[in-house]
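The listed protein sequences correspond, in order, to chains A and B. According to the numbering used here, the first sequence is numbered sequentially starting from 183. According to the numbering used here, the second sequence is numbered sequentially starting from 183. Using N, Cα and C, we set each Cβ at its ideal position, and we do this for glycine too.
Protein chains: 2
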Amino acid sequence: MTRILFYLDEPGKEVWRPAFEAAMPGVDFRDYPNWGSPDDGPAYAFAWEPELGLIAKYPNIRAVFSLGAGVDHLTRDPDLPADLPIIRMSDNGLKEGMAEFVLMTVLMHHRFMPRMLVAQRKHKWQRLFPPRAKNVRVGILGYGALGIACAQALRPLDYRLAAWSRTAKPAEDGIEHFTGTNQFNDFLARTDILVGLLPSTPETTGLLNANTLSLMPKHASIINVGRGTLIDLDDLVALLDNGHLSGATLDVFAQEPLAANDPLWDHEKINITPHIASITRPETAAEYVARNIKKIEAGQQPENVLDRQRGY
Amino acid sequence: MTRILFYLDEPGKEVWRPAFEAAMPGVDFRDYPNWGSPDDGPAYAFAWEPELGLIAKYPNIRAVFSLGAGVDHLTRDPDLPADLPIIRMSDNGLKEGMAEFVLMTVLMHHRFMPRMLVAQRKHKWQRLFPPRAKNVRVGILGYGALGIACAQALRPLDYRLAAWSRTAKPAEDGIEHFTGTNQFNDFLARTDILVGLLPSTPETTGLLNANTLSLMPKHASIINVGRGTLIDLDDLVALLDNGHLSGATLDVFAQEPLAANDPLWDHEKINITPHIASITRPETAAEYVARNIKKIEAGQQPENVLDRQRGY
C-alpha cells in the first residue's frame, strides 16, 4: 500500500483524492494537516508550496513530487533534506495546457488582439493589418519538455521558430537553436515574440532587463509563462511605455497572487493571467506519480529528478 | 495587356498596385475614379463595396473579382448585370488569416481568456480551470474553403470537431459532418464553441436567434467571422445576459463599422474585432486574380464563380 502525503492550499483541492484513488487502488491518501506520524512508515509527498520546515519533520518521506513543473516552491525551504529526491511534474496534461496557452498568446500578439481589445473599450473600429506568419519570428526561451511541446504546437503555423537553451539540444527541422550565454543576445535580436519558459534559478533571475530587452527588435512582445523572477518588471514597463516593446502577457509573478493594488493590472499593453498557462491535471498527474513510485520501488531512476546544482 | 479596374475605399489601398504589377507584368491598373472610358477595351473589375450602379456603367467589364470571400457587397447592387461572372476571393492568404484567427479565438473561449481579461480590469486574481480540449466540442457552421482551412488548423489540438454545411461534403476522419436543415438542430445541440462562417443569404439571415441559440448547451460560446447578418444580436445579448451563453467574439456586423455609440462595445461577454479575422493579402490575391484571368481568356471555367441562385 502506497502512502501519499498531500499538501495544497487552494480551493477545489478535493479533486485530487479520487484521482489518486483511481491511479493507485488502495492508496493511503493523507491531506495535510492529517499526515499522521513519521512513524507510520514510508511515504511520498505530493506538494505545492508546503510550509517551511514541514518536509524535514517527516523523515519517512522517500521522495517529494512537485505538483507543478517548477520546484522553487520546495527548494526555498532551507530545511529541505539535501539528499531527498525532488521530482518535477511533467505529465501530459501540463504539456497540453502549456502548448494551448502559448499557441493562443503567440497568435494574440501576432494578430494584434491586445490592441484591438483596448480599441474596443474606446469604441474604436481600428483595423490593424498583421504581418503574415512567415514573417514573424517566435523565440522560445527555455527548451525543456514544456518548450518542446510549445514548439510542436506552433509548428503547423508558418512562424519562424527558434529556441534558446542553456545546453545544446538535438537539431530539428524548422527550428533554429541557440545555446548558452554566448548565443543569448543573438537569440533576442532575432525574436519578435518571446515565450519565457525558464525555471527560477540565480542565473535566470532578472535575465530580462533593460539591457537585454533592448536587444529585441522594436515592437517585439513578451509572453512569460515560466517564472516571474525572469523579468525585471520596472524595466519591462519602461520599454513598453517608450514604445520599444509592443506588449506583454504575464502569467507568472515573483509574488503570487499579484497584489490588488499593483499598477500592472491597469497597464494597457500588459495582459495578466493568474498562473493558469498550464495547470497540473489531477488525472494525468496522479498517473505520473503512480508510474514514478513504481520505478522508485523497483530500484529504477524516476523521471525528472531535480538536479539541485543547476536548479531544475 | 490586362486591364484591372480597382475599387477600394480604405486607407492603405496603395499597396495593391505593386502587388498587381508583380503578379501581372505590364498590367493596366486603374484605381477608381480613374477607370477611363468603357470604350477603352476589355477589363476586369477588382472591387470591394463599389458604388451602386457603377459596375453597370462599364459594359467592358468581363468579370468582377470580389476583394473578399463574401459577395453581398456586390450583389446588393440592383443594377449589377445578371450575366456578369462574379468571382469570390479564395486566395491562400485569406485562408491562412482565417485559420489563425479561428484557432486563436477557439483557444480564447476554451481557456476562458475573455473572462480573465475582465478579471484583470477588476484587479482580480481569478483562477479558472478549463476542461481538457478532448472534452470541448467545436462546431464549424459553414464548411467551404475557409471552414476547411479552420478545421485543418484545429485538428492538431484534441477538440471534438464537427462541421455543418448546406450540402453533403466528403467524409473525413476526426470531423463529424452535419448536413442540411434536418441536422442543423443536432449540430447546435452538440456544439460548445460555434464558429460562424456562413455567407449572407436570405436563408442565413437571422439563422442564429433566440430559438436556435437556445438549443446550444449551457455556457456555449459563439465566434462569428462570416457575415454579421447571421445573428440576431438582441437575442444573442439576451442569452448572454441570462447566462445560457458564456461569451461571443464578433468580427462582422450587419452595418460596418459598428457605430461608436453601439452598446455592444461595452458588453463584458462580447469581444469585438473590426472585420479583420481574415484579410485579403495583396500578394496572394493578385496571384489568384492573375491565374483566373488566364483561365477566362483560355476559355476555361475560373474558380469560385458566384452561383447567384444560392448566393455564394
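Check	Outcome
Where the alpha helix (DSSP H) through residue 470 of chain B begins and ends	464-479
Beta-carbon proximity of residue 273 of chain B to residue 480 of chain B, cut-off 8 Å	no
Chain A contact residues for residue 307 of chain B, given Cβ-Cβ distances below 7 Å	439, 440, 456
Residue environment, residue 229 of chain A, which counts as buried when at least 16 other CB atoms sit within 10 Å	buried
Per-residue DSSP class, three states only, for residue 361 of chain A	strand
Nearest-angstrom Cα separation, counted from residue 349 of chain B out to residue 327 of chain B	14 Å
Residues of the region 193-214 of chain B whose Cβ lies closer than 8 Å to any Cβ of chain A, in chain order	194
Beta strand (DSSP E) segment containing residue 406 of chain A, residue limits	402-406
Residue 405 of chain A versus residue 393 of chain A: straight-line alpha-carbon distance, rounded	18 Å
Buried versus exposed call for residue 371 of chain B [16 or more other C-beta atoms within 10 Å across all chains shown]	exposed
Residue of A:261, A:225, A:208, A:244 minimising C-alpha distance to residue 233 of chain A	A:261
One or two residues paired with residue 344 of chain A in a DSSP bridge	A:321, A:358
Status (buried if at least 16 other CB within 10 Å, exposed otherwise) for residue 331 of chain B	buried
Pair within 8 Å by beta-carbon distance, residue 185 of chain B and residue 225 of chain B	yes
Against chain B: residues of the region 245-275 of chain A by CB proximity under 9 Å	275
Endpoints, the beta strand (DSSP E) within which residue 431 of chain A is located	427-432
Beta-bridge partners of residue 188 of chain B, as assigned by DSSP	B:213, B:228
Residue ranges of each beta strand (DSSP E) within the region 236-276 of chain A, 3 or longer	243-248
Near-chain B residues of the region 329-353 of chain A - C-beta to any C-beta below 9 Å	334, 335, 337, 338, 339, 340
Residue 435 of chain B vs residue 410 of chain B beta-carbon contact at 8 Å	yes
Burial state of residue 363 of chain A, where buried means 16 or more other Cβ atoms lie within 10 Å	exposed
For residue 368 of chain B, the nearest candidate out of B:387, B:438, B:344 (CA to CA)	B:344
Beta-carbon spacing of residue 286 of chain A, residue 290 of chain B below 8 Å	yes
Span of the alpha helix (DSSP H) around residue 419 of chain B	415-423
Test item: CB-CB of residue 374 of chain A and residue 395 of chain A under 8 Å	no
Exposed unless 16 or more other CB atoms sit within 10 angstroms - verdict on residue 356 of chain A	exposed
Meets three-Cβ-pair contact criterion under 8 Å: the region 439-448 of chain B and the region 302-316 of chain A	yes
Residues sharing a beta bridge with residue 487 of chain A, DSSP	A:269
Status (buried if at least 16 other CB within 10 Å, exposed otherwise) for residue 429 of chain B	buried
heavy atom of the ligand ZN below 7 Å from residue 369 of chain A C-beta	Because no ligand of any kind appears in the structure shown, any question about the ligand ZN cannot be addressed here.
Residue 258 of chain A burial status per 10 Å Cβ neighbour count (16 or more: buried)	exposed
Run of the alpha helix (DSSP H) containing residue 393 of chain A, from where it starts to where it stops	392-395
Contacts of residue 230 of chain B in chain A (Cβ-Cβ under 9 Å)	By Cβ distance, chain A contributes nothing, its closest Cβ being about 13 Å from residue 230 of chain B, past 9 Å.
Proximity to residue 387 of chain B [Cα-Cα], best of B:204, B:493, B:183	B:493
Residue 330 of chain A, DSSP secondary structure in three states	helix
Within 8 Å, strictly: CB atoms of residue 245 of chain A and residue 267 of chain A	yes
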